[in-house]
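Here's the structure, in structure tokens; my notes come after.
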Amino acid sequence: MDSSKVSGHLSMNGGDGAHSYAKNSSYQRGILEAATAIIEEEIATKLEISTNSFCIADFGCSTGNNSFPAMHTIIEAVKQKYESSDLKTPEFVVCFSDLVSNDFNTLFRSLPPDRSYKAAAVAGDFHGRLLLPSSVHFTYCSWSLHWLTEVPKAAEGLMSVWHGGDERKEVYDAYLEQFERDMESFLKCRAVEMVEGGVMALLIPSLPAYWDPQKEYTVGSLADLLRSSLLDMAKKGKLSKEKSETFNIPYHVPTPGEVRAILQKSNSFSLERMDSLKSGTLLNVDGHVAFFRAAHQNLLTYEFGAETIDETFDLFKKKLQASPVYADPSNDRSLVVVAILKRNNV
Ligand SMILES: C[S@@+](CC[C@H](N)C(=O)[O-])C[C@H]1O[C@@H](n2cnc3c(N)ncnc32)[C@H](O)[C@@H]1O
45 MDSSKVSGHL
55 SMNGGDGAHS
65 YAKNSSYQRG
75 ILEAATAIIE
85 EEIATKLEIS
95 TNSFCIADFG
105 CSTGNNSFPA
115 MHTIIEAVKQ
125 KYESSDLKTP
135 EFVVCFSDLV
145 SNDFNTLFRS
155 LPPDRSYKAA
165 AVAGDFHGRL
175 LLPSSVHFTY
185 CSWSLHWLTE
195 VPKAAEGLMS
205 VWHGGDERKE
215 VYDAYLEQFE
225 RDMESFLKCR
235 AVEMVEGGVM
245 ALLIPSLPAY
255 WDPQKEYTVG
265 SLADLLRSSL
275 LDMAKKGKLS
285 KEKSETFNIP
295 YHVPTPGEVR
305 AILQKSNSFS
315 LERMDSLKSG
325 TLLNVDGHVA
335 FFRAAHQNLL
345 TYEFGAETID
355 ETFDLFKKKL
365 QASPVYADPS
375 NDRSLVVVAI
385 LKRNNV
């Protein structure tokens, strides 16, 4: 199997992964709360659209658990903006978009009954065109852009850095370049689909340029421990040594500086605002294990087999328990970038 291709085996699209992810969605809910004020403010000040129908697209909606409150926030802010300008409230449609393997049935079964929008499903890879030209007024994409379309060629076959730092510069740079290429494809497609003056909110998990591993942790160091659990599984003869040593996961968690540099290069969008929020997840060890399991289970099952998953995550949990750093959620230095962009007039 070609483990370097991302589509189809990303987690959080169904099965146990989606289930435990839903149970741990407070991870992203806290972030959404922090981002809500930014999104409301930017809609109030930057959105310049008066139209009878208003289309919002959520790329990487998963099963909707975190998407529904986000769509509610956006729609209420747009309604307020229209009301304050004496404009008639538009009709809303939300295009929920994710990979074809996403569990859209669960999403549609759990749509909020009191919603004030029509709902549509749009399945496909968001690095390609998915919607009609000039049809989208607001684009939202949360916790999805760090997944890469593939493990970069330059990193294939190399002992992986598990993406927590830049100690293997060659591999790190290859990941960063792939992230940049993927972001550019995403922006290029959204530029076609969005109307002039439309607004885009991107929420991207991020890492500080430095953290003290003796006292602090990030989503990057958690990923390092998962990597080390896989290597331990190989030492126990439970996984292929060669495969676990060269296994690279297709995501890049960027620094805020990396995100800014990429967004500022766009000719189609202006970067109106970018904030780096502390992720403030407040997860304990069990919470981290459940969240990481939800996020990686499908991929690791695909790569190493379902029979390896329980033991891998038992080892991961033991590693977290063995380090006092992970016992205190206030040691978490992970960040979330909230970037607000506006489609330029061309
Ligand atoms: C961590 S979940 C985020 C869910 C939700 N947006 C949130 O903020 O909680 C990442 C989602 O992005 C989707 N995703 C990742 N890469 C994608 C791609 N290339 N095209 C479409 N969806 C993608 C995954 O399938 C998954 O549902």
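For what it's worth, the working numbering labels the leading residue of the sequence shown as 45, then goes sequentially. No residue lacks a Cβ here, since even glycine has one placed at the ideal position from N, Cα and C.
query: Contacting residues, own chain, Cβ-Cβ under 6 Å from LEU246 (five flanking each side not counted); result: CYS185, ALA383
query: Classification of LYS67 by the beta-carbon crowding that lies within 10 angstroms, buried from 16 upward; result: Confidence in LYS67 is poor, its pLDDT being 39 and thus under 50, which makes the residue's placement unreliable; the coordinate value appears in the next sentence. Looking at its Cβ environment, which holds fewer than 16 other Cβ atoms inside 10 Å, LYS67 is exposed.
query: Beta-carbon spacing of MET277, PRO300 below 9 Å; result: no
query: Nearest-angstrom beta carbon gap, THR150 and THR107 [assumed within contact, 8 Å]; result: 4 Å
query: Assigned secondary structure, THR80 (DSSP; H/G/I helix, E/B strand, else coil); result: helix
query: Cβ-based burial, LYS386 [other Cβ within 10 Å; buried from 16]; result: buried
query: Extent of the continuous beta strand (DSSP E) run through ARG173; result: Counting along the chain, ARG173 falls outside any beta strand (DSSP E), and DSSP gives it neither H nor E.
query: Which of helix, strand or coil DSSP assigns to VAL243; result: strand
query: Buried or exposed by the 16-neighbour rule on C-beta atoms within 10 Å, applied to TYR254; result: exposed
query: Pick from SER160, ALA350, LEU251, SER374 that is closest to SER97, judged by C-alpha positions; result: SER160
query: Between the CA atoms of TYR370 and ASP376 - distance to the nearest angstrom; result: 8 Å
query: C-alpha distance - ALA417 paired with CYS139, whole-angstrom precision; result: With the chain covering only 45 through 390, there is no way to say anything about residue 417.
query: Beta carbon of LEU412 nearer than 9 Å to that of SER94; result: Examination of residue 412 is not possible in this model, given that the chain is present from 45 through 390 alone.
query: For TYR216, the nearest candidate out of SER229, MET227, ALA199, ASP226 (CA to CA); result: ALA199
query: Any non-hydrogen atom of ligand 1 within 8 Å of SER188 CB; result: yes
query: Three-state secondary structure assigned by DSSP to THR89; result: helix
query: Rounded straight-line distance, which links the Cα of VAL236 to that of PHE170; result: 13 Å
query: Beta-carbon gap between GLU347 and LYS287 smaller than 9 Å; result: yes
query: Distance, LYS197 Cα to ASP210 Cα; result: Low local confidence applies: a pLDDT of 48 at ASP210 is under 50, so the model's placement there is unreliable, and no value is given.
query: Residue burial classification, GLY242 (beta-carbon count within 10 angstroms, cutoff 16); result: buried
query: Beta strand (DSSP E) segment containing TYR216, residue limits; result: From DSSP, TYR216 is part of no beta strand (DSSP E) but of the alpha helix (DSSP H) over 213-237.
query: PHE98 CB to nearest heavy atom of ligand 1 below 8 Å; result: no
query: C-alpha distance - ASP256 paired with LEU307, whole-angstrom precision; result: 28 Å
query: Nearest-angstrom Cα separation, counted from LEU379 out to LEU270; result: 19 Å
query: Under the three-state DSSP convention, the category TYR338 falls into; result: Position check: residue 338 holds Ala in this sequence, whereas Tyr was assumed. Three-state result, ALA338: helix.
query: Same chain only: Cβ atoms within 6 Å of ASP102, ignoring 5 sequence neighbours per side; result: SER111, PHE140, TYR184
query: Beta strand (DSSP E) segments (min. 3 residues) lying fully within the segment 280-359; result: 313-322
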